[in-house]
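Residue numbers (full-length UniProt numbering), protein chains in the order written: chain U, 1 to 228; chain C, 1 to 228; chain S, 1 to 228; chain A, 1 to 228; chain E, 1 to 228; chain F, 1 to 228. For each residue, glycine too, the CB sits at the ideal point set by N, CA and C. Okay, structure first, notes after.
6 protein chains.
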Amino acid sequence: MTLTRNWSMHPEGSVLVEFGATRVLCTASVTEGVPRWRKGSGLGWITAEYAMLPRATTTRSDRESVKGRIGGRTHEISRLIGRSLRACLDLSALGENSIMVDCDVLQADGGTRTAAITGGYVAVADAVGWLARQHALSGKPEEALHRSVAAVSVGIIGGQPRLDLCYEEDVIADVDMNIVCTGNGEFVEVQGTGEQAVFKRAELDNLVDLGAAGCAALAELQRKALAS
Amino acid sequence: MTLTRNWSMHPEGSVLVEFGATRVLCTASVTEGVPRWRKGSGLGWITAEYAMLPRATTTRSDRESVKGRIGGRTHEISRLIGRSLRACLDLSALGENSIMVDCDVLQADGGTRTAAITGGYVAVADAVGWLARQHALSGKPEEALHRSVAAVSVGIIGGQPRLDLCYEEDVIADVDMNIVCTGNGEFVEVQGTGEQAVFKRAELDNLVDLGAAGCAALAELQRKALAS
Amino acid sequence: MTLTRNWSMHPEGSVLVEFGATRVLCTASVTEGVPRWRKGSGLGWITAEYAMLPRATTTRSDRESVKGRIGGRTHEISRLIGRSLRACLDLSALGENSIMVDCDVLQADGGTRTAAITGGYVAVADAVGWLARQHALSGKPEEALHRSVAAVSVGIIGGQPRLDLCYEEDVIADVDMNIVCTGNGEFVEVQGTGEQAVFKRAELDNLVDLGAAGCAALAELQRKALAS
Amino acid sequence: MTLTRNWSMHPEGSVLVEFGATRVLCTASVTEGVPRWRKGSGLGWITAEYAMLPRATTTRSDRESVKGRIGGRTHEISRLIGRSLRACLDLSALGENSIMVDCDVLQADGGTRTAAITGGYVAVADAVGWLARQHALSGKPEEALHRSVAAVSVGIIGGQPRLDLCYEEDVIADVDMNIVCTGNGEFVEVQGTGEQAVFKRAELDNLVDLGAAGCAALAELQRKALAS
Amino acid sequence: MTLTRNWSMHPEGSVLVEFGATRVLCTASVTEGVPRWRKGSGLGWITAEYAMLPRATTTRSDRESVKGRIGGRTHEISRLIGRSLRACLDLSALGENSIMVDCDVLQADGGTRTAAITGGYVAVADAVGWLARQHALSGKPEEALHRSVAAVSVGIIGGQPRLDLCYEEDVIADVDMNIVCTGNGEFVEVQGTGEQAVFKRAELDNLVDLGAAGCAALAELQRKALAS
Amino acid sequence: MTLTRNWSMHPEGSVLVEFGATRVLCTASVTEGVPRWRKGSGLGWITAEYAMLPRATTTRSDRESVKGRIGGRTHEISRLIGRSLRACLDLSALGENSIMVDCDVLQADGGTRTAAITGGYVAVADAVGWLARQHALSGKPEEALHRSVAAVSVGIIGGQPRLDLCYEEDVIADVDMNIVCTGNGEFVEVQGTGEQAVFKRAELDNLVDLGAAGCAALAELQRKALAS
């Protein structure tokens, strides 16, 4: 996995995540203030939107803007990314600022949602750094960004647990699981689905172990990217 | 939990699920044939839609039909129900028939998505029975409906794992998890989210244990309801 | 016709109307204040929305939320219900409060719009009672709710005028008429349509007589339901 | 009321109706064939759409195309026009042809829906004539167009029944009624609404008498327009 | 070309443009104030919307309101009209007033967008006159309306440059160009498209000459119409 | 300007265009067959869609998919790109194949539409090459792709004609013009707009000269990119 910071010139934080052939551009856009219903709370706000370019995939998909509606898969993934990145932040230390994270898949080959979370965290870290340089945070930067977050996909193929499924593996996996962990190895989100099959407790445990180890490796990569 | 079969007169399967103050009407509508892209495959099709009446909740929500778009939460839950109920069926034994499961929340007090899955299974079972009586299945009824499926919500409140959170508990839960199991105790879907907090491996394990036990109790209730 | 008050726990007024096999859940939701363009007028506001569950009918209809638009029939009926219930209220005695009446058809077998009006009135009466207990009305309760309103459908089948058509009768009716009357026997709305045929003045007169008598019987039922 | 036939060059039937300051352009567009679900029935099809130019009224309204949705009033009126014009035609004599009637209000000063029906009938008559010249009818023209239809609005202002309310009268009317009659004086549709007040049986009778007389006068005008 | 001022009674400016068989109703609606983001700037605002009646053309088009979205052609033309009419006005002399120009094509036979600009200018001039009579302008009327604007379509058919293409010519034109000029012969917009062919510099020059001459003739017509 | 071919792995043609700080990803997606209304014509089909990532610009724009509608600017540019690229192809030599060109702006700093056309041509050339290797063209590749097309933006700033305006220059330009030329120096499209001012014939001529020279330089770059 490669994390290229400042890939774009305009956003307060921007990271190009490359993971196998998957490429996701994560940008974090800061705006002063929070949505109306939250004003005066002293709390910040973060949310995320996920989308795919129409030909990020093997066959072209119609644009959701042209269809006039957002599909269920897009909604589901956007919500997962938003919940995961919310865990990074102490919203009272962030102060009444809003961060919008956009994760646009430029090329897809499996694991786009977990790549988006992993890269999104680095973009958010840069956005918090930008806010700190503007003296716009309510607390210290390390209070506002109180945890790191990374995510991996794991699955069972032919009875074997596997980390980081590419698209071809994903299609044939019996069980598919996304694990989101903090840099301390605690869990933020665990989503396992029996796509072609159901799964036993021992399989669940194996997948969780494998995923947690994968997240730990990514957390190290994130630390290096942010230190450079 | 109460499961009232044949609550509605028109659908091939219909169940009113009552679970605490939560009331969900699950109907299974059968149509001959499958969507165009699936024709000639010999496989059936099942999908689900979830919705809430506008005043099912403490404060009224605007109708999604009036807003002209379906929200992210609705999409996410509809997809979870659809994936879970797909695990009940062997689509080749179902033959080229389609089952649409509608889960409409008449009154909400927590656990609406898991109630919808649990009641939806019973409505699907009745729809398969209806197809059997029409001699429209490709296989035997027990092949078409090869597993039962039930779901519970579990959570951690004040450090304690809890089964079946009502709305007030759900709001204050640190961790929220939905567990979907088959009647044999295998897992179909596990979704855990740290809403207010992150969680450790031991907490995950406790929640999964609690959820699996809850599903086993519901599976027994489903058996009784279908036997009556 | 059965009118079950307080069928739902959350709304300020809620009534399940059962009329033959037709079942409509009418809820009245109160919010303080009125839409922006009405502020400072001293007048309250009431409006209504009608919808059907997808499998309330013999064959399943697609959800209007999924289609992304509200159909003409839904719009037409919502407007009829709104106009009819507006006649119940003296909006200056109501004060700057808003009542939204939701009429959701759980099961349909003819006469859903007239059942919605008849049940909606009872839900509105309970909502006005709730406002009275909150000391939120500008006038007295009996001034705010200055008339009762009930509605029936009548039609001509095979040359004979008929009250309360069920779905099968409705389909074959030559003329179809909805009559909305106050408890005093005055008319709020009269809508007659020659579906399969045109009609003469004498037929119109007969239908109006029949409808007015039907409304008088329902007004008595409403009085009893509200007295209990 | 002035009925100008062939106001537009493209449609098979087109009539500009002027009624006081109200101006409605009614066009009838013929297409061979019927919607898919009706194919092979031997029956034709007719439907109508009503709309207003944004500045047809004293203050400008936003376009429904820009809002992305059709309002309830538009839906309600389109359906009324469609039902009324359906009464003109014997759909089996029309054969499998479709007529779409568009009624666009160029200038509004009350009575736009009744003007649309009255002018729409003449446009439909011309469209049937066009079909006859193409030898495309299943029956004779006088069988296909078996009745004429006209409509008026009547109302009660200050206790007095009044025919043909202009916009300023319409706003202050206590009761507002639209009457649609055939050329023989039979009723197609009767819609009376107590806008500011309820109404008694005697008032209803007076309004129906007045409306039927108004329709008879318009039927004569339609005959003359079609004869010229 | 005929320009009929005050064709409609409600708008502050209204012109029916007839140009060959093409008929466009241009109305200019004035509202006090400007959109929120422009408040306090001292500048006025003008924008335009273009639309066609469904049967303005040889075959009927579906309404954009029914489709729920505005097509690309409509958007493109509305923007061209808006940019062109903006050139007429000195927005600081207009003061904080808004003018919405609606151009509705009642009958189409080529050149609808250029007819809309040419007629739209006259409607805007009448709206500015109306504002002057209300003493609502910040500057003098001749400062607010500091230029006139007219537009023509030109094209190359069979190698020959041609002014004012009707629909049949437009369809077979190799090159199609819209020229918008001020009354002084300066250019506001030049849009040339090689529809069936590409074009050389000399052809471009010829078309621009022809178009500028056409605009000069229309400017004279506009002066006469406004003088009468 | 840099043209990076094969930037994406999935599309039949893909080019990343970099032009100053502007970056546009152009992909050409080939599908066998043509839209239904064109079947049996022997002609191919090409169309284009343009979009911007939400934070391609200095401030974030809402996604058009979330707003549920495509804006006028997007429509206008998509149509310009489509018309321009249609000029590259002889659709009868292409045969009944469809090419969809997607131009997604990853970073914007002026000239995105002209960069999209210039890069889009190279992506189309690669797609035609792919079709040739599949033996799916009706004619020879050099017949199918019978012209090259490139585009530049030119403008007048402070009285001086300028090539290739960046965003800051674009905002202050008096006149803004997009020129699309073939590799032979013929014109495909000329669009000049007086944004802040009107322009004289001599200025128009200067801009066209400057633009044509700019296009010639780009055509040379395209030739080199396709030769490498």
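Under 9 Å from the C-beta of residue i: neighbouring residues of chain C
i	result
residue 63(S)	49, 51, 64, 65, 70 and 102
Proximal residues to residue i (C-beta, below 8 Å), its chain only, five neighbours per side dropped
i	result
residue 181(F)	149, 150, 151, 187, 188, 211, 212, 215, 216 and 219
residue 82(E)	46, 47, 48 and 101
residue 195(S)	173, 174, 175 and 176
residue 124(C)	13, 28, 46, 85, 88, 89, 99, 101 and 145
Nonlocal neighbours in the same chain, by C-beta distance under 6 Å from residue i, ignoring five residues either side
i	result
residue 127(C)	12, 13, 28, 30 and 99
residue 91(S)	43 and 44
residue 198(C)	none
residue 109(E)	20, 21, 22, 166 and 167
Proximal residues of chain U, C-beta to C-beta of residue i below 7 Å
i	result
residue 1(F)	The contacting residues do not exist; residue 1(F) stays about 17 Å from chain U at best.
C-alpha distance - residue i paired with residue j, whole-angstrom precision
i	j	result
residue 50(E)	residue 103(E)	5 Å
residue 22(U)	residue 114(U)	11 Å
residue 84(C)	residue 117(C)	7 Å
residue 1(A)	residue 78(E)	35 Å
residue 134(F)	residue 93(F)	14 Å
residue 226(F)	residue 122(F)	7 Å
residue 221(U)	residue 162(U)	20 Å
residue 136(S)	residue 173(C)	35 Å
residue 192(C)	residue 166(C)	17 Å
residue 41(S)	residue 89(S)	16 Å
residue 185(F)	residue 15(F)	23 Å
residue 63(S)	residue 70(S)	9 Å
residue 231(F)	residue 33(F)	Shown here, chain F extends from 1 to 228; a query on residue 231(F) therefore has no answer.
residue 35(E)	residue 60(A)	15 Å
Within chain E, the residues that residue i reaches when beta carbons sit closer than 8 Å
i	result
residue 223(F)	The contacting residues do not exist; residue 223(F) stays about 18 Å from chain E at best.
Under 8 Å from the C-beta of residue i: neighbouring residues of chain S
i	result
residue 208(A)	201 and 204
Which residues DSSP lists as bridging residue i, in chain order
i	result
residue 176(A)	155(A) and 193(A)
residue 105(E)	24(E) and 52(E)
residue 5(U)	15(U)
residue 150(E)	181(E)
residue 226(E)	Paired residue(s): none; residue 226(E) is not in a bridge.
residue 97(A)	32(A)
residue 161(A)	156(A)
residue 145(U)	89(U)
Own chain residues within Cβ distance below 7 Å of residue i, not counting five before or after
i	result
residue 38(E)	45
residue 111(E)	19, 22, 153, 164 and 165
residue 131(A)	30, 97 and 137
residue 107(A)	21, 22, 23 and 56
residue 4(C)	15 and 16
Contact test: residue i Cβ vs the ligand GTP heavy atom, cutoff 7 Å
i	result
residue 117(F)	For the ligand GTP, the structure offers nothing, since it holds no ligand at all.
Near-chain C residues of the stretch 185-205 of chain U (beta-carbon distance less than 9 Å), N- to C-terminal order: Against chain C - using a Cβ distance shorter than 9 Å - the residues of the stretch 185-205 of chain U are 185, 186, 187, 188, 189, 190, 191, 192, 193, 194, 195, 197, 198, 199, 200, 201, 203, 204 and 205.
Could you please tell me which residues of the UniProt domain "Exoribonuclease phosphorolytic" (3-127) of chain E, in chain order, have their CB closer than 7 Å to any CB of chain F? Contact annotation: in the UniProt domain "Exoribonuclease phosphorolytic" (3-127) of chain E, residues whose CB is within less than 7 Å of a CB in chain F are 69, 72, 75, 76, 78, 79, 83 and 87.
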